[in-house]
Amino acid sequence: MKEENNVADLSKVIAYAESILGNDYTGHGFDHVKRVAGLSQAIIDADELAVDRFVVQAAAYLHDTVDDKVVADVTAASNEVRACLTTAGASDAQTKEIFSIIENLSFSKELLQGAQVVSVEGRVVRDADRLDALGAIGILRTSYFGGSHQHPIHVSDLAPKTFQNHEDYRKGTTVINHFYEKLFLLPEKMTTAYGKKEAQRRVAFMKDFLEEFYAEWDV
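Position 85 of the sequence shown, counting from 1, maps to 85 under the UniProt record's numbering, and the rest follow consecutively.
Below, the structure written as C-alpha cells:
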C-alpha cells in the first residue's frame, strides 16, 4: 500500500490506545503495543520496505484494543476504533487496511483460518507483534499472562499440546508449555528478513533460560 498524502494524526491513535490498554495486566498493555510500533519501524528500516507508515503504526498501536483477550465487547471496541481513526483523519482506504490487519493478526485467528494478513504493512505488524512474544520480554509476558489466568508455571508430566482450534488454544496449559505450543513455532512463521533473524536470536535466549529453569525446578 503506497503512503498517502493525507496527514493523519497518529498522536490521537496513540492516546486512544493508551486510554484502553494503560491498565491492562495480561501482558497486552500499552507498553506492549508501543514496543510493537517500535519493532515495526525497525523492520521497515532494516528491510527498506515501502509502506504506508501511518497504517503500520496505527495498526501496531490499535491491534490489542479489539482483541477478545483484552476487551469484553469486540464489536463495540471496533466501532470505537473506527471513530478514533476518523477523528485522526485516516482515509477510508487506510481505515480498511488497518482493520484488515488488526482483525487477522493473532495466532489464534491463524489456527482458525490460516494466515490472512497478506499486505506488506500487515506482515510488518504481524512479525513485530510476534517478536514481542519472544526473548526476555516474551518470557515475562508469558509468565504475566499465565499468572493472570491461573495457569500453573510447570507440570512435569503434562506434555505440550498441538492446538487445532481457537477454543483449545484459549484454554491454555502451563506457562512453560506455552513456549513449545506457540512461541518456538513463531520463527518459521516470520515473513520479513529482520523478523526471521531477530526471532531466532530471541528463541536462542529462551532456550538457554529453559535449561536453567529445568535445572532449578528439578532440585
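Quick reminder that beta carbons are idealized off the backbone N, C-alpha and C, glycines included.
Predicted, not measured: the structure shown is a model, and the values here were computed from it.
Got a sec? Which residues, its chain only, sit under 6 Å from residue 37 by beta carbon, not counting five neighbours each side?
On the sequence shown, position 37 is the one that residue 37 refers to. For residue 37, where only same-chain residues beyond five positions count, the Cβ hits under 6 Å are 57, 60 and 61.
Inter-stretch contact (C-beta, 8 Å, three-pair minimum) for the stretch 190-210 and the stretch 124-137:
yes
Restricting to runs no shorter than 4 residues, where is the alpha helix (DSSP H) found entirely within the UniProt domain "HD/PDEase" (25-143)?
30-47, 53-62, 74-88, 92-102, 107-113 and 120-131
Exposed unless 16 or more other CB atoms sit within 10 angstroms - verdict on residue 158:
One-based indexing of the sequence shown puts residue 158 at position 158. Exposed is the call here.
Beta-carbon contacts of residue 12 that lie in its chain and below 7 Å, excluding the five residues immediately before and after
For the purposes of this step, residue 12 is taken as residue 12 along the sequence shown, with counting starting at 1. Excluding sequence neighbours, residue 12 sits near 84, 87 and 88.
In angstroms with no decimal places, state the Cα-to-Cα distance between residue 69 and residue 24.
Counting from one through the sequence shown, the residue named residue 69 turns up at place 69. Counting from one through the sequence shown, the residue named residue 24 turns up at place 24. Cα-Cα distance, rounded: 10 Å.
Assign residue 142 to one of two classes, buried (16 or more other C-beta atoms within 10 Å of its C-beta) or exposed (fewer than that).
For the purposes of this step, residue 142 is taken as the residue at position 142 of the sequence shown. Its Cβ being crowded by 16 or more others within 10 Å, residue 142 is buried.
Do residue 107 and residue 196 have their C-beta atoms within less than 8 Å of each other?
Taking the first residue of the sequence shown as 1, we reach residue 107 at position 107. Taking the first residue of the sequence shown as 1, we reach residue 196 at position 196. No, these two residues do not count as a Cβ contact at 8 Å.
Starting from residue 199 and walking both ways along the alpha helix (DSSP H), at which residues does that stretch end?
The sequence position of residue 199 within the sequence shown is 199, counting from 1. Per DSSP, residue 199 belongs to the alpha helix (DSSP H) from 193-217.
For residue 128 versus residue 40, is the C-beta distance shorter than 8 Å?
For the purposes of this step, residue 128 is taken as the residue at position 128 of the sequence shown. For the purposes of this step, residue 40 is taken as the residue at position 40 of the sequence shown. A contact, by the Cβ cut-off of 8 Å.
Take residue 144 and list the residues in its own chain whose beta-carbon comes closer than 8 Å to its own, dropping the five residues that flank it on each side.
On the sequence shown, residue 144 is found 144 positions in, with the first residue counted as 1. Here the set comprises 25, 26 and 27.
Consider the Cβ of residue 56: report whether some Cβ of chain B lies at a distance smaller than 8 Å.
Of the protein chains in this structure there is only one, and it is not chain B.
Between 64, 43, 48 and 219, which has its C-alpha nearest residue 21's C-alpha?
The count along the sequence shown starts at 1 and reaches residue 21 at position 21. Cα-wise, what sits closest to residue 21 is 64.
Can you tell me the Cα-Cα spacing of residue 198 and residue 10, whole angstroms?
The residue you call residue 198 lines up with position 198 of the sequence shown. The residue you call residue 10 lines up with position 10 of the sequence shown. Computed Cα separation, rounded: 27 Å.
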